[in-house]
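Number of protein chains: 2
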Amino acid sequence: MSKPTLAVVGATGAVGTVMLDLLSTREDVYGEIRLVASPRSAGKKLTVRGEQVEVVALAPEVFDGVDVAMFDTPDEVSKQWAPIAAERGAVAVDNSGAFRMDPDVPLVVPEVNAEAARNRPRGIISNPNCTTLSMIVAMGALHGQYGLRELVVASYQAASGAGQAGIDTLYDQLEKVGGNRGLGERAGDVRRVVGEDLGPFPAPLAMNVVPWAGSLKDDGWTSEELKVRNESRKILGLPDLRVSATCVRVPVVTTHSLAVHAVFDRPVDQREAQAVLAGSPGVVLVDDPEAGEFPTPADVVGTDPTWVGRVRRSLDDPKALDLFLCGDNLRKGAALNTAQIAELVAAEFGS
Amino acid sequence: MSKPTLAVVGATGAVGTVMLDLLSTREDVYGEIRLVASPRSAGKKLTVRGEQVEVVALAPEVFDGVDVAMFDTPDEVSKQWAPIAAERGAVAVDNSGAFRMDPDVPLVVPEVNAEAARNRPRGIISNPNCTTLSMIVAMGALHGQYGLRELVVASYQAASGAGQAGIDTLYDQLEKVGGNRGLGERAGDVRRVVGEDLGPFPAPLAMNVVPWAGSLKDDGWTSEELKVRNESRKILGLPDLRVSATCVRVPVVTTHSLAVHAVFDRPVDQREAQAVLAGSPGVVLVDDPEAGEFPTPADVVGTDPTWVGRVRRSLDDPKALDLFLCGDNLRKGAALNTAQIAELVAAEFGS
Chain A
1 MSKPTLAVVG ATGAVGTVML DLLSTREDVY GEIRLVASPR SAGKKLTVRG
51 EQVEVVALAP EVFDGVDVAM FDTPDEVSKQ WAPIAAERGA VAVDNSGAFR
101 MDPDVPLVVP EVNAEAARNR PRGIISNPNC TTLSMIVAMG ALHGQYGLRE
151 LVVASYQAAS GAGQAGIDTL YDQLEKVGGN RGLGERAGDV RRVVGEDLGP
201 FPAPLAMNVV PWAGSLKDDG WTSEELKVRN ESRKILGLPD LRVSATCVRV
251 PVVTTHSLAV HAVFDRPVDQ REAQAVLAGS PGVVLVDDPE AGEFPTPADV
301 VGTDPTWVGR VRRSLDDPKA LDLFLCGDNL RKGAALNTAQ IAELVAAEFG
351 S
Chain B
1 MSKPTLAVVG ATGAVGTVML DLLSTREDVY GEIRLVASPR SAGKKLTVRG
51 EQVEVVALAP EVFDGVDVAM FDTPDEVSKQ WAPIAAERGA VAVDNSGAFR
101 MDPDVPLVVP EVNAEAARNR PRGIISNPNC TTLSMIVAMG ALHGQYGLRE
151 LVVASYQAAS GAGQAGIDTL YDQLEKVGGN RGLGERAGDV RRVVGEDLGP
201 FPAPLAMNVV PWAGSLKDDG WTSEELKVRN ESRKILGLPD LRVSATCVRV
251 PVVTTHSLAV HAVFDRPVDQ REAQAVLAGS PGVVLVDDPE AGEFPTPADV
301 VGTDPTWVGR VRRSLDDPKA LDLFLCGDNL RKGAALNTAQ IAELVAAEFG
351 S
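From first to last, the protein sequence lines stand for chains A and B. At position 256 of the first sequence (counting the first as 1) the number is 256 in UniProt numbering, and the numbers step up by one without a gap. At position 38 of the second sequence (counting the first as 1) the number is 38 in UniProt numbering, and the numbers step up by one without a gap.
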């Protein structure tokens, strides 16, 4: 039985780079791996599984003979090209927002709803947004125990959620503010030092926090905040789940953090909830504040799991838990979950 | 009628420094101003109201003839010395946590409960914690309109909330990480670069967020999180208010930010809530996301008001609002509110 052929579209981007690393370190389930990118990156050589592979330009023919095509591309590229890949016989696993809410496209987190990946009438499977992914494995585990009713989410989102431009902008700004003692004590000082070019962010990010991610939607909500609501509902199969999110960018390169207030149908218990989380695949519990142990982005970046700490039962609601979660937004939040979905599909070829 | 005599205890600290600035720029309501600090700072000269004033060492006699004594000191210093000041005839206005929950000590935010300042059986008035103060003026205004029932709070707290040591630590760490491209992409990298000495924080703060402020209390809650709950209840006169807070430190020098999900007794309206906030003394509404306008710490630091933006009605609960607030933790969050309370007391001498 021959191994399935994989195409990685967007191989040269921030998520694509992590994907090649994952493909080189996870169990090798593929035969050929084709690297695909925009014409201006074609001809470039990238390393995957220890071998140099030449990047080819995106075109319909690159999908001929491909079994699984991952898209780590902007919405408009995915929107156009994932159906073309599907038409040519590949299962498209898309990490953009183009198809996530399409009722004919499953939105899959393997630890939560792996079975949904099999029902894909358009030949496309969507990967959730990185902010949703930073909490949903843990929330799925707690939902199984207590029945989830409501989520109130405040995010601490990393610069790399805005792609390579976000990473570069934060490094540029940190370089300018570093060693500048006294900065940040008067309004406008940080703006003056970081300069006019704010990259993909609407305000300086170094020495600041910015309550904005994504684009403006109705009634003051951002696209990012609506994604947390709509995607959580779809993944968990809870169309009436109450969700309020406030998404805030922080000066961290990679790894999203979330403060979550979760309300359940049944009363919760702190120790039991900790045990449920500790026993869930893809979740690591780090929750010993007496020993100074809780997750932080600096300790979590580059790792696969969702890290959870600060698990507390609400003092005023026996059915509510408050938690703090960290997840690498480029790994579980993007490339890793896409790789896991692709492996589910690849396994269908295995028998 | 002679003007009241003021003593500033803790004049050389992070909050004391802002206090001297405020005393030099606000309406001058005092006669003599005495600057008091620990014996090791005695003899130092500081500028207030354009004049050099010699710092005197803390001793019972320094309160003789004093009408109002502000304490910007640690809990243990306030606990010992505020009663001594009161015994000698001064009204003590204390910015520590020593007396905040004492039923015989009012906890005052002039815009919310000024009348409480008159009932002070121990001769002591408490100033709330900086995190509570960063939201309570805005929450008081919304409570007046809709009747507050529940608060879910996630904080983005500045380094200076941990005093001068917090400020120094953040500057030290920013100097070490600035210009260090590629840092923050693997677990432990930031820890290695900032070194072992983390100052008052339990984890690196530069290029990180740390879900911890204060000390460990029962069931995993921190002292800071309990202060937000208990002080909000006392200031608003709502002993049964439901409050869940998760307090997180971010790499910002000064100005705390908060994401708040507030649930009310009555249905809310986005435009009406914005109008209530815009019309409230001590609150500035900056809420035009289409124009990129919302508050951020870098734009707010050094100013007096509570800045509010991102006002949204919850999509799933017509009685809930989600907001983002910023307030300078050394000004309204500490020195300014103390100065305002002291001015309420000073006004009693005026007629």
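Here a beta-carbon is modelled for each residue, glycine too, at the ideal position from N, C-alpha and C.
- For I124(B), the pairing in a beta bridge is given by DSSP as A92(B).
- Between the stretch 287 to 300 of chain A and the stretch 206 to 223 of chain A, the count of Cβ pairs shorter than 8 Å is below three; the stretches do not touch.
- Assignment of beta strand (DSSP E) within the stretch 171 to 222 of chain B, counting only whole runs of 3 or more residues, yields no such run.
- Any Cβ of chain B closer than 8 Å to the Cβ of A335(A) would place that residue at the interface, and such an atom is absent.
- Comparing C-alpha distances from V301(B) to each of V253(A), L183(A), A138(A), P200(A) shows the shortest one belongs to L183(A).
- Interface residue (Cβ-Cβ distance to chain B less than 8 Å): H143(A) is not classified as such.
- The C-alpha of A320(B) lies about 9 Å from the C-alpha of E150(B).
- DSSP, reduced to helix, strand and coil, places Y30(A) outside both helices and strands of the structure shown, so it counts as coil.
- When D75(B), A117(B), E343(B), V48(B) are compared, the shortest CA-CA separation from I33(B) is found for V48(B).
- Relative to the Cα of E196(A), the nearest Cα in the group L241(A), D172(A), D317(A) belongs to D172(A).
- Flagged as an interface residue toward chain A: W221(B), by a C-beta distance shorter than 8 Å.
- In this structure, DSSP gives G309(A) an extended state, which the three-state scheme calls strand.
- Proximity of M139(B) to chain A, defined by a Cβ-Cβ separation below 8 Å, is not satisfied.
- When rounded, the separation of the alpha-carbon atoms in E51(B) and L35(B) is 12 Å.
- Exclusion of the five residues before and after A162(B) leaves P200 as the residues of its chain whose Cβ lies within less than 6 Å of its Cβ.
- Nearest C-alpha to A213(A) among E76(B), A298(B), V77(B), F294(B): F294(B).
- Under the 8 Å criterion on CB atoms, P318(A) is classed as non-interfacial with respect to chain B.
- Residue state for S38(A) is assigned as coil, using DSSP reduced to three classes.
- Inside the stretch 55 to 90 of chain A, DSSP marks whole alpha helix (DSSP H) runs of 4 or more residues at positions 75 to 87, from first to last along the chain.
- Bounds of any beta strand (DSSP E) do not take in T254(A), whose DSSP letter is neither H nor E.
- Burial is judged here by how many other beta carbons sit within 10 angstroms of a residue's own beta carbon; A98(A) has at least 16 and is buried.
- When the beta-carbon positions are compared, G282(B) and S134(B) stay at least 8 Å from each other.
- With fewer than 16 other CB atoms across the displayed protein chains lying within 10 angstroms of its CB, T25(B) is exposed.
- Nearest neighbour of T73(B) by Cα position, chosen from A335(B), L107(B), D240(B), turns out to be A335(B).
- Rounded to the nearest whole angstrom, the C-alpha separation of L330(B) and A346(B) is 22 Å.
- Using a Cβ-Cβ cut-off of 9 Å, M207(B) is close to L170, L174, P251, V252, V253, P297, A298 of chain A, given in chain order.
- Using a Cβ-Cβ cut-off of 7 Å, G178(A) is close to L174, E175, V177, G178, G179 of chain B, given in chain order.
- In terms of Cα proximity to R233(A), the closest of K176(A), L344(A), T12(A), I136(A) is I136(A).
- Rounded to the nearest whole angstrom, the C-alpha separation of P239(B) and P103(B) is 12 Å.
- Shown here for D64(B): same chain residues with a beta carbon closer than 7 Å to its own, the five before and five after excluded, namely R88 in chain order.
- The residues L277, S280, V283, T306, V308, L323, L325, in chain order, have a CB closer than 8 Å to that of A138(B) in the same chain once the five nearest residues on each side in sequence are set aside.
- Boundaries around A138(A) are those of the alpha helix (DSSP H), 130 to 146, since no beta strand (DSSP E) includes it.
- DSSP places D322(A) in the uninterrupted beta strand (DSSP E) bounded by 320 to 327.
- Collapsing the DSSP output to three states places S160(A) in a helix.
- A straight line joining the alpha-carbon of L174(B) with that of L226(B) spans about 30 Å.
- Residue contact with chain B for H261(A): present (Cβ-Cβ distance below 8 Å to some residue of chain B).
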